[in-house]
Amino acid sequence: MRDSVGETGHISPSVIDGRQPFRPDGFKVNRLRYAWVVVFCALVFAIGQFHRAAGGILSPVLAEDLSLSASALGSVIGAMFIATMVMQIPAGVALDRFGPRRVLPLMLGIAGIGSLVFSRAVELEWVYAGRILLGIGFASSSAAAHILFSRWFSQDRFAQVSGIMVAIGGIGGLTGTYPLATIVDVVGWRPALMAVGMFTLAIAILGSITIRNAPPHVPRPVFQPTGWRSMLNGFREIFGNRNFPRLLAMGTVAFAPITTVAGLWGGPYFQEVHGYDTQEAGSVLFALFLMTMIGGLVFGPLDRLLGTRKKVVLGGAVGSAVCVGAVAVIGGLPPVAVIVLLLGMTLCQNFYLTLNAHNRALVGDHLVGRASTLITVAAVGGIPVMQGGFGIALDWGQAMGLTVEQSYRLGFGFIAASVFVAGLVYAGSEDRKP
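The sequence shown begins at 5 in the working numbering and counts up by one.
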């Protein structure tokens, strides 16, 4: 590949638009620096995944301690996701203005404080406060990773690098399942969350020292002013692309199905319907989050291998809807069959990696933060809606005299229908090939 700086000393347009990273003549890339960018983003992702997964283990404990109904429990767990959604736009503007080097460690520190508050909470108000701080703290993590990847790696590697991050970061989701259930049984949930909070603060400090907005010897990125006119013009430019609203619709079901099943209702489902104990249910959730790691490696390079992004996203959405729809439609399934179908759903839901790459291809570098946060607004906003809708389906089913198993099937049907409708909207978008 020809170096990015030509004979005249000017930067190639392919560097500016993100098709390849900037590498001056004679500059030997320090691979450890590039690897650390991915590892750090993976650590941040892992901590967030831990808290998303922990809801499935903590929900029975919180419900018992605070005497919460299914709807109220969904509200408590969903508070983190609502806070993340509300903070997406401010986080995106801050990232485009100041860069991830300043913003990401600061907000990760807020998440660490939230974990500590949650671990010490004895009243419902403080439980909400801890979850809200967690949500605020993780608001910038996804967009910050996208900005870093867009500046450190070529655009055709975007989905693949994101997949590696998801695969490594999935360890956090795994830790929030069976291992957390074991720790809760031994020492309780409060010491566990306190330890995670301290670890989060340590990673935030480390990131503030080591993370850079761009590779060494690369022209310093110019971040945009934060005036209202500039901010609104940026959003106007993003929404001026007719494809973006369709990607936004697909984004509403990017995270919600996995988080609803593995992060909240999967544990109670296997306990109430199939008679699993806490550790057995935790082992199922462990398997689901393990599949997110595998899915990250599978879906990461697919757009480059197949030469299409749209078909990869649609294929994943259809597969997800079919798998979870089968759980909803077929009654009396043995637990092994349900687990296999939910694993299939989890694998297919990794289409969101390719969706992010599709979104990245729509905008210039100066809008990556805001475009990414808009997709994340949809993705995170869909989580409490789907989790709450699942809880409402349970309450409604029980009020109508349905069995517990039938009530849960209503919830799974709600998930399948949501993914199917979002896929129909996204199908009208234009493909952006790698």
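Where is the CB? At the ideal position from N, CA and C, for every residue including glycine.
None of the values given here were measured: they were computed from a predicted structure.
- Under the DSSP assignment, methionine 111 falls in the alpha helix (DSSP H) whose first and last residues are 104-124.
- When secondary structure is reduced to three states using DSSP, asparagine 354 falls in the coil class, being assigned neither helix nor strand.
- Contact check for leucine 112 against alanine 208 passes: the beta carbons are separated by less than 7 Å.
- Where serine 63 is concerned, the enclosing alpha helix (DSSP H) starts and stops at 35-70.
- Distance from the CA of valine 188 to the CA of arginine 161, rounded to the nearest whole angstrom, comes to 40 Å.
- Looking at the backbone, the Cα of threonine 296 and that of serine 376 are separated by about 20 Å.
- Between valine 257 and alanine 426 the beta-carbon gap is near 5 Å, inside 8 Å, which marks them as a contact.
- Comparing alpha carbon positions, the residue from Glu129, Met89, Val121, Leu301 closest to glycine 173 is Leu301.
- Apart from the 5 residues on each side of it in sequence, leucine 406 sits with its Cβ closer than 8 Å to the Cβ of Leu414 in its chain, given in chain order.
- Counting of Cβ neighbours within 10 angstroms places arginine 124 among the exposed residues, the total staying below 16.
- Burial check for arginine 250: the Cβ neighbour count within 10 Å reaches 16 or more, so the residue is buried.
- Valine 90 sits in a helix when the DSSP states are folded into three classes.
- Taking C-beta separations shorter than 7 Å and ignoring five residues to either side along the sequence, the partners of alanine 285 in its chain run Gly271, Phe274, Gln275, following chain order.
- Taking C-alpha positions only, methionine 349 is separated from methionine 254 by approximately 16 Å.
- With a cutoff of 7 Å on beta-carbon distance, phenylalanine 49 and glycine 211 are scored as not near each other.
- One alpha carbon belongs to phenylalanine 259, the other to lysine 437, and they sit about 23 Å apart.
- Restricting attention to Ala431, Gly401, Ser146, Thr181, the CA atom closest to the CA of phenylalanine 418 is found in Gly401.
- With fewer than 16 neighbouring CB atoms inside 10 Å of its own CB, leucine 236 falls in the exposed class.
- The criterion of a C-beta distance shorter than 7 Å is not satisfied by leucine 47 and proline 104.
- Going by beta carbons, leucine 99 and asparagine 245 fall outside the 7 Å limit.
- Classified as exposed, asparagine 34 has fewer than 16 neighbouring CB atoms from the shown chains inside 10 Å of its CB.
- When the Cα atoms are used, isoleucine 387 and threonine 264 turn out to be separated by approximately 7 Å.
- In the structure shown, asparagine 363 falls within a helical segment according to DSSP collapsed to helix, strand and coil.
- Taking all protein chains in view, the Cβ of glycine 52 is crowded by 16 or more other Cβ atoms within 10 Å, so the residue is classified as buried.
- The residues Val165, Ile168, Met169, in chain order, have a CB closer than 7 Å to that of valine 42 in the same chain once the five nearest residues on each side in sequence are set aside.
- DSSP, reduced to helix, strand and coil, places lysine 437 outside both helices and strands of the structure shown, so it counts as coil.
- Secondary structure of proline 339 (DSSP, three-state): helix.
- For the pair of segments examined, the stretch 355-364 was found to touch the stretch 311-319: the number of CB pairs separated by less than 8 Å reaches three.
- For phenylalanine 303, the enclosing alpha helix (DSSP H) covers residues 282-303.
- With 16 or more other CB atoms across the displayed protein chains lying within 10 angstroms of its CB, tryptophan 193 is buried.
- The beta carbon of threonine 358 lies closer than 8 Å to those of Ala163, Phe303, Leu306, Asp307, Arg313, Val316, Val317, Gly320 in the same chain, with the five residues before and after it left out.
- With contacts defined as CB atoms closer than 7 Å, methionine 89 and valine 389 fail to qualify as a contacting pair.
- In this structure, alanine 87 lies near glycine 139, with their beta-carbon atoms less than 7 Å apart.
- For isoleucine 334, the secondary structure class from DSSP, reduced to helix, strand or coil, is coil.
- For the set Ile334, Ser324, Val408, the Cα lying nearest the Cα of phenylalanine 424 is the one of Ser324.
- Between the alpha carbons of valine 200 and serine 119 lies a distance of about 7 Å.
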